[in-house]
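Sequential numbering of the sequence shown, starting at 26, is according to our numbering.
All C-beta atoms in this analysis are idealised placements derived from N, C-alpha and C, irrespective of residue type, glycine included.
Every value quoted in this text rests on a predicted model; they were computed, and no experiment measured them.
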Amino acid sequence: MDNEVKEILDRSIALNREGRLREREELMRGAIRKYPFSPDILLQAGATFLLSAPEGTAALAHRAVGISPDDPAVLFRAAHLLFAAQEFDASREYLARLEPLMTPEFPLLIDAIHLAGRHALQRGDVAEAEKALTTAFERDPETLGHGEILANLYEDQGRTKDALEVVRRARAYRPDDARLAEMERALAGDS
26 MDNEVKEILD
36 RSIALNREGR
46 LREREELMRG
56 AIRKYPFSPD
66 ILLQAGATFL
76 LSAPEGTAAL
86 AHRAVGISPD
96 DPAVLFRAAH
106 LLFAAQEFDA
116 SREYLARLEP
126 LMTPEFPLLI
136 DAIHLAGRHA
146 LQRGDVAEAE
156 KALTTAFERD
166 PETLGHGEIL
176 ANLYEDQGRT
186 KDALEVVRRA
196 RAYRPDDARL
206 AEMERALAGD
216 S
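Quick look at the structure:
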């Protein structure tokens, strides 16, 4: 990756963390003009505009895949971004294209399993969702969202004890996570 592209991506992440969203949007608009064929820039810009322009997010994700159609990381990031933009069919398509390209060493393998679980949940396939979400949580309990979404699945099924156990395990890795703390309080009050 080009050093300037990396600096732009790092700056975008820092601006997001600092809540300086307008500056982040301006940075990414300029980055798209300067690097229109960088999948990394396009995907980061898509994430930047997710709330303010979800239709633009989808277009940027598709452009990134058009540039690197066989790059597993690009396919995963585009699928994830499209899921967040509620473009479920396109997200599933990229996830399906990713599947034969993944190896056990693929660094985003667990995240792809988690995303497949979220798709199953979105489709209403609770058994498949539970299987994938449990696998992702068991293999990577530290990742934000893995425990939370699995706990929500259990809670929706009326399995409060299972939900509480997942939240407590997730909190062992993320003790300062306010959402998990709130979930634990709510679930403990229900049990």
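Touch test, the stretch 201-216 against the stretch 165-177, Cβ-Cβ under 8 angstroms, three pairs minimum = Judged by Cβ distances under 8 angstroms, the stretch 201-216 makes contact with the stretch 165-177, as three or more pairs qualify.
From LEU76, ALA56, LEU126 and PHE74, pick the residue whose C-alpha is nearest to that of ASP95; which is it?
-> As a working mapping, residue 95 is identified with position 70 in the sequence shown. Taking only the C-alpha atoms, the option nearest ASP95 is LEU126.
Buried or exposed: which applies to ARG42, given that a residue is buried once 16 or more other Cβ atoms fall within 10 Å of its Cβ?
-> As a position in the sequence shown, residue 42 is number 17, starting the count at 1. Using a 10 angstroms sphere on the CB of ARG42, the tally of other CB atoms stays under 16, which defines it as exposed.
Give a yes or no on contact between the stretch 96-114 and the stretch 134-151, applying the rule of three or more CB pairs nearer than 8 angstroms.
-> Verdict: yes, contact present.
Once you ignore the five residues that flank PRO166 on each side, which residues in its own chain have a CB closer than 7 angstroms to its CB?
-> Looking up residue 166 in the sequence shown gives position 141. Contacts found: GLY172, ARG194, ALA195 and TYR198.
Can you tell me which of THR168, LEU134 and GLU155 puts its alpha carbon nearest to the alpha carbon of LEU120?
-> Indexing the sequence shown from 1 puts residue 120 at position 95. Ranking the options by Cα distance to LEU120, first place goes to LEU134.
If we ignore side chains and look at the alpha-carbon of each, how far apart do ARG184 and LEU85 end up?
-> Start at 1 with the first residue of the sequence shown, and residue 184 comes out as number 159. Start at 1 with the first residue of the sequence shown, and residue 85 comes out as number 60. Those two C-alpha atoms are separated by around 39 angstroms.
Nearest to GLN111 by CA position, among THR159, GLY81 and LYS156, is which residue?
-> Here residue 111 refers to the residue found at position 86 of the sequence shown. GLN111 has its Cα closest to that of GLY81, out of THR159, GLY81 and LYS156.
To which residues of the same chain is PRO79 closer than 6 angstroms at the C-beta, ignoring the five residues directly before and after it?
-> Within the sequence shown, the letter at position 54 stands for residue 79. These residues qualify, in order along the chain: ALA110.
Straight-line CA distance for ILE66 to GLY55?
-> As a position in the sequence shown, residue 66 is number 41, starting the count at 1. As a position in the sequence shown, residue 55 is number 30, starting the count at 1. Rounded to the nearest angstrom, the two C-alpha atoms are 10 angstroms apart.
Would you mind giving the Cβ-Cβ distance between PHE113 and HIS144, rounded to the nearest angstrom? I have them listed as a contact below 8 angstroms.
-> The residue given as residue 113 occupies position 88 in the sequence shown. The residue given as residue 144 occupies position 119 in the sequence shown. Yes, they are in contact, since the Cβ atoms of PHE113 and HIS144 sit about 7 angstroms apart, within 8 angstroms.
Could you give the C-beta distance for ALA188 and LEU169, rounded to a whole number, given that I count them as a contact under 8 angstroms?
-> As a working mapping, residue 188 is identified with position 163 in the sequence shown. As a working mapping, residue 169 is identified with position 144 in the sequence shown. Beta-carbon to beta-carbon, ALA188 and LEU169 are separated by about 17 angstroms, too far to satisfy the 8 angstroms threshold.
Which residues in the same chain have their Cβ closer than 7 angstroms to the Cβ of ALA89, if we skip the five residues on either side of it in sequence?
-> Start at 1 with the first residue of the sequence shown, and residue 89 comes out as number 64. So the qualifying residues of the chain are PRO64, LEU67, LEU68, VAL99 and ALA103.
Report yes if the CB atom of GLU51 is closer than 8 angstroms to the CB atom of PHE74, and no otherwise.
-> Translated into positions along the sequence shown, residue 51 becomes position 26. Translated into positions along the sequence shown, residue 74 becomes position 49. Taking a C-beta distance under 8 angstroms as the contact criterion, GLU51 and PHE74 do not qualify as a contact pair.
For LEU40 versus GLU29, is the C-beta distance shorter than 8 angstroms?
-> For the purposes of this step, residue 40 is taken as the residue at position 15 of the sequence shown. For the purposes of this step, residue 29 is taken as the residue at position 4 of the sequence shown. Cβ distance not < 8 angstroms, so LEU40 and GLU29 don't count as in contact.
Collapsed DSSP secondary structure at TYR60 in the structure displayed | As a position in the sequence shown, residue 60 is number 35, starting the count at 1. In the displayed model, TYR60 falls within coil according to three-state DSSP, outside both helix and strand.
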